[in-house]
Structures are given as structure tokens and as C-alpha cells.
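Asker: One structure coming up, written as C-alpha cells, with questions to follow.
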Amino acid sequence: MKARRKRDLGAYLWKFATNATQDELVDSLNKVGHKLMNMQHSERILEILWTMAHDESLPCSMLDRLLSCHRDISSGSHYLNHKLKYDYCLKCMDYIKSYNLQWIVLSCRYIMKLVEFDTEIIYFLINKNDLILYLIQTIGRCQHDVWMQTNGNVSSDTLIDKRHTYKESLKIELDLLTYILKKARMYVILRRAEELWLTLITNHEACLIDNELGFGWFITSFNEMNGQSRIELYEKHISKLDSSKLTET
């Protein structure tokens, strides 16, 4: 109960602090978090940073800074148990699964940073939590929503929330997909590759941004499929592609 009161008080003070005070507080928490060798205290620092990052009034620069500090402390503190790191990755997974637009871009960035030196987390997210499936589903759902929102006139300035553009969101999702496959040395199964192709390339709601980033992903990540999957994808989809799609992008 006391710990909760302290967190609530801290959140209240943070919300009404000046920008200068917030900067100083983040600096202090970051320094302390990197020096602590006590897991319980480090957990508390991470919890405080995470809570602060959920202030919807924060500017992008401060939000990125808070999450950067959180990621650095989490990935740099080798004495932190795996469960804690998994828990924060699962929080990000929940944002992706629940289609929380305010946190999709941030969650992808966070996961990329935290799995940089820990491939076990990648296997955990892919094999036990279907990260690839939910990424592709989120891509399709977001594509449909922005198409409806703009009456099909999606541009590089189209926003998915108050902070991030649709293009930025799609790019980080595809970057994360490539990163985890390469890092874990895993192949994307044919069914998932086909879902991504149909969403970004042949879907009638696919815009130029989808085509551009989609083709880019398949060109750079073609080797992230096994040989048979590459052959089938080519025969079933790539070889039948309307050449005008290529000239448009």
C-alpha cells in the first residue's frame, strides 16, 4: 500500500513538474538505475520510468528519452532476472495485440532494443506469443483504418495517433519483423509471408506507402524464407504481379 502511494505521488508530481524539473528527474533516475546493483531497487526505477512514460501529455522527445533510459537499464543490468525483461516485452506485446495505436511504434522500438543481446526473448516472443502473427495482423488492421479515415488518400503525413504517422508505424513493424528473424536465424513460414504480400502488395486498400515498404521488405528479407517457400511465393504471387505495381513504386 505504501509503495502504491509513493508511485501515485510520484506520478502526480511528475505530471505537474516543469520541463526542466522533468529533465533533471530523468537524468537522476537514469544515473541511479545504471549504478544500482540491487535488483529490487532497479525494478522500482524501471517501474517509475514506465509509469512516467504513460503520461499522454508528454512530447515525443521526452517519451523517447524515458523509454530509452528504461531499455538501457533493462538491457544493461545483467543481474536483472529474465522474468522481469520478459514481463516488459509482454507489456509491449499486449499493446500490439490489443491494437493500442499510441504504443505500437514505441513497443516495436522497445522490443528491438531489449532483444539486441538476448535471443532467448525472441524465441519466447515468436514461439510462445505469436509476435509475427500479431505484427502482420496489426499491419493489416492499421492499413484498413487509415484507408477508411482518409477515404483512400493515405499520405506520408497521415497520422495513426497524435505522435506517429502511418508510414512510421509500418516501417518500424517491418523493421522489427526483419530484425527478429535475422537475430534468431529463423525463417518466416510461407503462410505469414503470403499474408504480408496480400496485405501490402495486392490488397485494394494498399497505398503507395504499403507498396513501397512492402516491396522493400520482400527484397531485403527474401532470404528469411526457406528455399521452398521462396519458390512457392514466386510462383503463386510474384510471377503474377501486375507490372504496373512495380512502375508505380
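Quick note: the numbering used here has the sequence shown finishing at residue 268, numbered continuously throughout. Beta carbons are placed, not taken as given, at the ideal position from N, Cα and C, and that holds for glycine.
(1) I'd like to confirm the pairing. Which residues does DSSP put opposite T184 in its beta bridges?
(2) Counting only the same chain and skipping the five closest in sequence on each side, list residues whose C-beta sits under 6 angstroms from that of L178.
(3) Between the Cα of H151 and the Cα atoms of I199, I250 and L44, which residue gives the shortest distance?
(4) Which value, in whole angstroms, describes the spacing of the CA atoms of G52 and I115?
(5) Alpha helix (DSSP H) containing E214: first to last residue?
(6) Classify E224 as helix, strand or coil using the three-state DSSP reduction.
(7) Where does D229 sit, in a helix, a strand or coil, going by DSSP?
(8) Out of E192, R249 and E243, which one is the CA nearest neighbour of L120?
(9) Report buried or exposed for A36, applying the criterion of at least 16 other Cβ atoms within 10 angstroms of its Cβ.
(10) Evaluate S258 with the Cβ neighbour count: other Cβ atoms within 10 Å of its Cβ, from every protein chain shown; 16 or more gives buried, anything less gives exposed.
(11) Looking at S93: is its Cβ nearer than 8 angstroms to the Cβ of Y105?
(12) Can you have a look at R84 and say buried or exposed, based on whether 16 or more other CB atoms are within 10 angstroms of its CB?
(13) Please state if the CB of K202 and the CB of I228 are separated by a distance shorter than 8 angstroms.
(14) Pick helix, strand or coil for A36, following the three-state DSSP scheme.
(15) Going along the chain, which residues of its own chain have a beta-carbon closer than 7 angstroms to the beta-carbon of R2, five neighbours each way excluded?
(16) What whole-angstrom Cβ distance do S61 and L68 have, given they're in contact under 8 angstroms?
Answerer: So, from the data block:
(1) Counting from 1 along the sequence shown, the entry for residue 184 is found at position 165. L178, per the DSSP bridge assignment.
(2) Numbered from 1 along the sequence shown, position 159 holds the residue referred to as residue 178. Closer than 6 angstroms at the Cβ level, and outside the excluded window around L178, lie T184.
(3) Locating residue 151 in the sequence shown gives position 132, where the first residue counts as 1. It should be pointed out that residue 151 corresponds to Ile in this sequence rather than to His. Nearest of I199, I250 and L44 to I151, Cα basis: I199.
(4) Working through the sequence shown from its first residue, we reach residue 52 at position 33. Working through the sequence shown from its first residue, we reach residue 115 at position 96. Taking the straight line joining both Cα atoms gives about 27 angstroms.
(5) Within the sequence shown, residue 214 is the residue found at index 195, counting from 1. L209 to W216 is the span of the alpha helix (DSSP H), which, as asked, contains E214.
(6) For the purposes of this step, residue 224 is identified with residue 205 of the sequence shown, where counting begins at 1. Residue state, collapsed to three classes: coil.
(7) Walking along the sequence shown from the start, residue 229 turns up at place 210. Here D229 sits in helix by DSSP.
(8) Translated into the one-based positions of the sequence shown, residue 120 becomes position 101. Ranking E192, R249 and E243 by Cα distance to L120 puts E192 first.
(9) Against the sequence shown, residue 36 aligns to sequence position 17. When all chains shown are included, A36 counts as exposed.
(10) Residue 258 sits at position 239 when you count from the first residue of the sequence shown. Exposed: under 16 other Cβ atoms inside 10 Å.
(11) Position 74 of the sequence shown holds residue 93. Position 86 of the sequence shown holds residue 105. Against a cut-off of 8 angstroms, the Cβ pair of Y105 and S93 comes out as no contact.
(12) The count along the sequence shown starts at 1 and reaches residue 84 at position 65. Buried is the call here.
(13) In the sequence shown, counting from the first residue as 1, residue 228 sits at position 209. In the sequence shown, counting from the first residue as 1, residue 202 sits at position 183. In this structure, K202 does not lie closer than 8 angstroms to I228 by Cβ.
(14) Numbered from 1 along the sequence shown, position 17 holds the residue referred to as residue 36. Looking at A36 - three-state DSSP - the assignment turns out to be coil, as it is neither helix nor strand.
(15) Any question about residue 2 goes unanswered here, given that the chain covers just 20 to 268.
(16) Position 42 of the sequence shown, counted from the start, is the residue given in the question as residue 61. Position 49 of the sequence shown, counted from the start, is the residue given in the question as residue 68. That belief does not hold up - the Cβ atoms of S61 and L68 are roughly 11 angstroms apart, past 8 angstroms.
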